[in-house]
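These notes are about the structure you will find just below.
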Amino acid sequence: RKEVEQDPGPFNVPEGATVAFNCTYSNSASQSFFWYRQDCRKEPKLLMSVYSSGNEDGRFTAQLNRASQYISLLIRDSKLSDSATYLCVVENNNDMRFGAGTRLTVKP
Amino acid sequence: NAGVMQNPRHLVRRRGQEARLRCSPMKGHSHVYWYRQLPEEGLKFMVYLQKENIIDESGMPKERFSAEFPKEGPSILRIQQVVRGDSAAYFCASSPQGQGNEKLFFGSGTQLSVL
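Same order as they appear, the protein sequences are chains A and B.
Everything in the first sequence is counted per our numbering, starting at 1 for the first residue and increasing by one.
Everything in the second sequence is counted per our numbering, starting at 109 for the first residue and increasing by one.
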């Protein structure tokens with residue numbers, strides 16, 4: 001089993017749609033969780049951290065379920081500029097592991 | 109405060125040559141990570157280093173690949189006797205020392221092409 005697994009994608013959605021990505025992790029001792037965004041041929045950039053209580057940043061909502069070892073990212077009212085690959089990241093003792101990423105394409 | 113600096117941005121090598129990729133972390137960061145990304149694939153962890161120490165190299169091939177992060181100077185990822193399958197984007201990331209909930213800051217990557 002992979003350390004971090006994500007929805008395979010790709011997701012093709014119209015502008016304004018709501019889309020959700022899922023991620024599961026295998027190490028129950030993992031301590032911190034993040035979502036990163038990667039545009040084509042560019043470096044990954046932090047989108048948001050994921051907290052146990054769930055957190056929201058504008059149109060983006062992240063949820064963590066430690067019991068199920070599951071993380072989610074919800075994007076509301078999607079924009080063309082949201083098109084990218086979204087990477088789930090899990091950290092344990094400063095050791096960071098990335099999921100393979102889920103590609104999102106938002107179409108007019 | 110400059111970000112994570114990687115050089116070169118593009119590196120072309122012929123099969124059998126050596127490739128050296130450099131990474132200077134952000135100022136004050138003592139943790140460095142190297143990742144490899146093949147076309148149309150996700151980031152694959154290679155190695156995690158702190159100053160003068162390799163903490164986790166479980167993602168790095170046992171042969172031909174090595175990494176270091178000396179007390180002075182950048183972190184170096186070295187690939188000896190490169191083969192076509194080594195062609196990929198290699199990303200370096202750094203994070204601050206010793207805090208929980210650490211965030212990674214990435215360099216722009218080195219695109220290695222093996223002819």
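Ideal placement from N, C-alpha and C gives every residue a C-beta, glycine not left out.
Between the Cα of residue i and the Cα atoms of the options, which residue gives the shortest distance?
i, options, result
"B:His137", "B:Ser183, B:Glu171, B:Leu129 and B:Glu149", "B:Ser183"
"B:Ile187", "B:Ile163, B:Glu171, B:Cys200 and B:Val112", "B:Glu171"
"B:Pro133", "B:Gly124, B:Met154, B:Glu148 and B:Gly215", "B:Gly215"
"A:Pro8", "A:Thr85, A:Met48, A:Leu64 and A:Arg97", "A:Thr85"
"B:Lys152", "B:Ser221, B:Leu223 and B:Ala196", "B:Ala196"
"A:Asn65", "A:Val50, A:Arg59 and A:Ser78", "A:Val50"
"A:Val106", "A:Asn92, A:Leu80, A:Ser72 and A:Ser68", "A:Leu80"
"B:Phe213", "B:Val222, B:Leu220, B:Phe199 and B:Leu223", "B:Phe199"
"B:Arg128", "B:Ser203, B:Leu223 and B:Gln114", "B:Gln114"
"B:Glu126", "B:Lys159, B:Asp194, B:Pro204 and B:Ser166", "B:Asp194"
Quick one: using the 10 Å Cβ neighbour count with 16 as the cut-off for buried, is residue i buried or exposed?
i, result
"B:Gln207", "Unreliable placement is indicated for B:Gln207, whose pLDDT of 49 sits below 50; no coordinate value is reported for it."
"B:Cys131", "buried"
"B:Gly150", "buried"
"A:Asn12", "exposed"
"A:Thr102", "buried"
"A:Asp39", "exposed"
"A:Leu47", "buried"
"B:Glu160", "exposed"
Helix, strand or coil for residue i, going by three-state DSSP, please let me know.
i, result
"B:Asp194", "helix"
"B:Pro182", "coil"
"A:Lys107", "strand"
"B:Ser221", "strand"
"A:Thr18", "coil"
"A:Gly9", "coil"
So with CB distances below 8 Å, who are the chain B contacts of residue i?
i, result
"A:Leu87", "Gly150 and Leu151"
Kindly list, in the order they appear in chain A, the residues whose Cβ is closer than 8 Å to that of residue i.
i, result
"B:Lys211", "Phe34, Leu46 and Ser49"
"B:Ser216", "Lys42 and Glu43"
List the residues of chain B that residue i touches, going by C-beta distances under 7 Å, in chain order.
i, result
"A:Asp95", "Tyr156 and Asp164"
"A:Ala100", "Glu149 and Gly150"
Show which residues of chain A have a CB atom less than 7 Å away from the CB atom of residue i.
i, result
"B:Tyr141", "Met96"
"B:Phe177", "The contacting residues do not exist; B:Phe177 stays about 14 Å from chain A at best."
Which whole runs of the beta strand (DSSP E) in the region 51-95 of chain A are 3 residues long or more, in chain order?
-> 55-57, 60-65, 70-75 and 84-92
Runs of beta strand (DSSP E) lying entirely within the region 120-186 of chain B, each at least 3 residues, in chain order | 127-132, 137-145, 151-158, 161-164 and 173-176
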